[in-house]
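Number of protein chains: 2
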Amino acid sequence: MSIETISSNHSFGGTQTVHKHASSATGTDMTFSVFVPEHAPGTKLPVVWYLSGLTCTHANVTEKGEYRRACAELGLIFVAPDTSPRGEGVPDDDAAAYDFGLGAGFYVDATEAPFNQHYKMRSYIENELPELIAANFPADMTRQGIMGHSMGGHGALTISLRNPGRFCSTSAFAPIVAPSQVPWGQKALGGYLGPDPSVWVDYDACALIERGARLPDLLVDQGAADNFLIEQLRTHLLAQTCEAAGQPATIRIQPGYDHSYYFIASFMEDHLRWHAERLAEPKG
Amino acid sequence: MSIETISSNHSFGGTQTVHKHASSATGTDMTFSVFVPEHAPGTKLPVVWYLSGLTCTHANVTEKGEYRRACAELGLIFVAPDTSPRGEGVPDDDAAAYDFGLGAGFYVDATEAPFNQHYKMRSYIENELPELIAANFPADMTRQGIMGHSMGGHGALTISLRNPGRFCSTSAFAPIVAPSQVPWGQKALGGYLGPDPSVWVDYDACALIERGARLPDLLVDQGAADNFLIEQLRTHLLAQTCEAAGQPATIRIQPGYDHSYYFIASFMEDHLRWHAERLAEPKG
Numbered sequence: 005m006s007i008e009t010i011s012s013n014h015s016f017g018g019t020q021t022v023h024k025h026a027s028s029a030t031g032t033d034m035t036f037s038v039f040v041p042e043h044a045p046g047t048k049l050p051v052v053w054y055l056s057g058l059t060c061t062h063a064n065v066t067e068k069g070e071y072r073r074a075c076a077e078l079g080l081i082f083v084a085p086d087t088s089p090r091g092e093g094v095p096d097d098d099a100a101a102y103d104f105g106l107g108a109g110f111y112v113d114a115t116e117a118p119f120n121q122h123y124k125m126r127s128y129i130e131n132e133l134p135e136l137i138a139a140n141f142p143a144d145m146t147r148q149g150i151m152g153h154s155m156g157g158h159g160a161l162t163i164s165l166r167n168p169g170r171f172c173s174t175s176a177f178a179p180i181v182a183p184s185q186v187p188w189g190q191k192a193l194g195g196y197l198g199p200d201p202s203v204w205v206d207y208d209a210c211a212l213i214e215r216g217a218r219l220p221d222l223l224v225d226q227g228a229a230d231n232f233l234i235e236q237l238r239t240h241l242l243a244q245t246c247e248a249a250g251q252p253a254t255i256r257i258q259p260g261y262d263h264s265y266y267f268i269a270s271f272m273e274d275h276l277r278w279h280a281e282r283l284a285e286p287k288g
Numbered sequence: 005m006s007i008e009t010i011s012s013n014h015s016f017g018g019t020q021t022v023h024k025h026a027s028s029a030t031g032t033d034m035t036f037s038v039f040v041p042e043h044a045p046g047t048k049l050p051v052v053w054y055l056s057g058l059t060c061t062h063a064n065v066t067e068k069g070e071y072r073r074a075c076a077e078l079g080l081i082f083v084a085p086d087t088s089p090r091g092e093g094v095p096d097d098d099a100a101a102y103d104f105g106l107g108a109g110f111y112v113d114a115t116e117a118p119f120n121q122h123y124k125m126r127s128y129i130e131n132e133l134p135e136l137i138a139a140n141f142p143a144d145m146t147r148q149g150i151m152g153h154s155m156g157g158h159g160a161l162t163i164s165l166r167n168p169g170r171f172c173s174t175s176a177f178a179p180i181v182a183p184s185q186v187p188w189g190q191k192a193l194g195g196y197l198g199p200d201p202s203v204w205v206d207y208d209a210c211a212l213i214e215r216g217a218r219l220p221d222l223l224v225d226q227g228a229a230d231n232f233l234i235e236q237l238r239t240h241l242l243a244q245t246c247e248a249a250g251q252p253a254t255i256r257i258q259p260g261y262d263h264s265y266y267f268i269a270s271f272m273e274d275h276l277r278w279h280a281e282r283l284a285e286p287k288g
């Protein structure tokens, strides 16, 4: 499992790198970025995963996420994977839609042809990439947090809910909270997993919580001026589900903010501090 | 002098906008971005100008500069202009070089044909855009600071040196300090102003200081791992010139940092605090 370093930049006293590797999960090359703060030799640092939204690669948050300053201060490694397999032979939606196919892997293991050959983002994010991070970076894998934006917020919530105990902290910016109930999710889950909604449950945060999955707590920020709030994100469904299930959750509606990185960057430090508090001590 | 708003995003409690207007200085449409922090109605805020480097538009620093958090805290308006005229009829270098023509206006008023028709970035930045900012934003024009990166660092230093008293604070990231003595500058000043170096003096920070121009002080950060340091930037020439001339200057060489926005963002807050200290009280 060798990784290639595409770029390396000194930033906020640490190192921002971008890497490429041949993924066995997706059968393609995959790209991801990692920020490692300055640290004493031999020490290991907690890891925060950031899963990106539709149309994004690792580059969007790496360039616009404004996380390095806080990660440097808090001593957090920040990992940003891509959002889908890419390259020759990777099928895309016929209509080249932004919400399915390339840039829209939805963090699922596809079962429907032709997507089931490469669209294995669940296995990639849950299994393969963590092994690479553990092997190649000064990462304390007993202290992991996960966060994401929009489709990546969906990814962060569902991956954490499906892997109890793995993540000390889980947060999201403007997540898709109930993909089974909204157009983006119905299209993606139907396309990757087939039309039977009963198999979508593993990839639906609200459905997972209703079925009994629990986290110690979770943090969500949602812009009130987000164009996708009413049709696609429907944050209130998560609030209602958590309330009904007794799942602790801090869900904040932020007046004036939209769906962009101008919103994400505004609350990135808040989220990272929230993660850092929960990642402060090794899990016993 | 009407301006069009292309985009507006709520961020860090303030408003990040991008605007377009028909420029009389350049005879083209020009684009710029402005961040206005949250502020009490009727109050006016100091303004920091940020001039960008080669190949950039307003968008680079707007997306990657990480200035909004500090500007919001410090109450600074941040203005980021484009680096050249653009559009049909604007001549570019025949070779489509990155260091001359589009994206490389060098903040001069060109006198050489065919560039003298549109390449009037000095007039645009010194005269036209400040009037637009004063007329359209809650800007206290008695409290202005100026900063820039690379070619824009050259712009910030020379514009401030040529306009004594206008700027309370002047700083630069990796500036071209002596364009008359380096390939980028010789090509640009020769192309825009003609081959006689005696007319380049107005656009050369070291030459201006040698001729007696002075600022209260100035701040420069330069990455030690910057690929352009030795051939194009030559920071030591500014240090020597300031030393010889008695021009107060804080010039810092930052180990490990390159020429990228990963470097700029790392020291942006430092610079903005430095500006804010000097912009705290209205100039009497």
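Protein sequence lines, in the order shown, are assigned to chains A and B.
Using the working numbering, the letters of the first sequence correspond one by one to residues 5 to 288.
Using the working numbering, the letters of the second sequence correspond one by one to residues 5 to 288.
Using N, Cα and C, we set each Cβ at its ideal position, and we do this for glycine too.
Just so it is clear, the structure is predicted and the values come from calculations on it, not from any experiment.
Asked                                                                                                                         : Found
Given 8 Å, three or more beta-carbon pairs between the segment 156 to 166 of chain A and the segment 262 to 269 of chain A    : no
Residues sharing a beta bridge with A26/A, DSSP                                                                               : D33/A
Run of the beta strand (DSSP E) containing A143/B, from where it starts to where it stops                                     : 143 to 153
Element boundaries [alpha helix (DSSP H), containing V65/B]                                                                   : 62 to 68
Option nearest A76/B by Cα separation, candidates D86/B, L106/B, F16/B                                                        : F16/B
With 16 other Cβ atoms within 10 Å as the buried cut-off, status of R72/A                                                     : buried
4-residue-minimum alpha helix (DSSP H) runs that sit fully inside the segment 197 to 222 of chain B, ordered along the chain  : 209 to 214
Runs of alpha helix (DSSP H) lying entirely within the segment 71 to 107 of chain B, each at least 4 residues, in chain order : 72 to 78
Among D113/A, V112/A, A211/A, nearest to A248/A - alpha-carbon criterion                                                      : A211/A
Three-way DSSP call (helix, strand, coil) for K124/A in this model                                                            : strand
Per DSSP, the bridge partner or partners of N13/B                                                                             : Q20/B
Beta-bridge pairing of R256/B - partner residues as DSSP gives them                                                           : D225/B
Selection from P50/B, C246/B, D274/B that minimises the alpha carbon distance to Q258/B                                       : D274/B
Cutoff 8 Å: D262/B Cβ touching any chain A Cβ                                                                                 : yes
Given D103/B as reference, the closest of E214/B, A280/B, I180/B, D225/B once Cα atoms are compared                           : I180/B
Length of the line joining the Cα atoms of Y207/A and T239/A                                                                  : 16 Å
Minimum C-alpha distance to I150/B - residue among T59/B, I81/B, N13/B, M34/B                                                 : I81/B
Counterpart residues of F177/B in DSSP-defined beta bridges                                                                   : H153/B, D225/B
Euclidean distance between Cα positions of R215/B and A182/B                                                                  : 13 Å
Own chain residues within Cβ distance below 6 Å of G156/A, not counting five before or after                                  : L55, S56, G57
Expected contact under 8 Å - CB spacing of A143/B and K48/B to nearest Å                                                      : 6 Å
Close beta carbons around G105/A, own chain, < 6 Å, minus the five adjacent residues each side                                : D96, D97
Best match in K24/B, A284/B, F232/B for proximity to F171/B [C-alpha to C-alpha]                                              : A284/B
T62/B: contacting residues in chain A (beta-carbon distance under 7 Å)                                                        : It should be pointed out that residue 62/B corresponds to His in this sequence rather than to Thr. Within 7 Å Cβ-Cβ: nothing; H62/B doesn't reach chain A, min ~14 Å.
For G194/A, the three-state DSSP class (helix, strand or coil)                                                                : helix
Straight-line Cα distance separating F36/A from D86/A                                                                         : 6 Å
Residue closest to I255/B, alpha-carbon to alpha-carbon, out of T174/B, R147/B, M145/B                                        : T174/B
Proximity of G195/B and E116/B at Cβ, strictly below 8 Å                                                                      : yes
DSSP state of F171/B mapped onto helix, strand, coil                                                                          : strand
Contact under 8 Å by Cβ, W204/B with L197/B                                                                                   : yes
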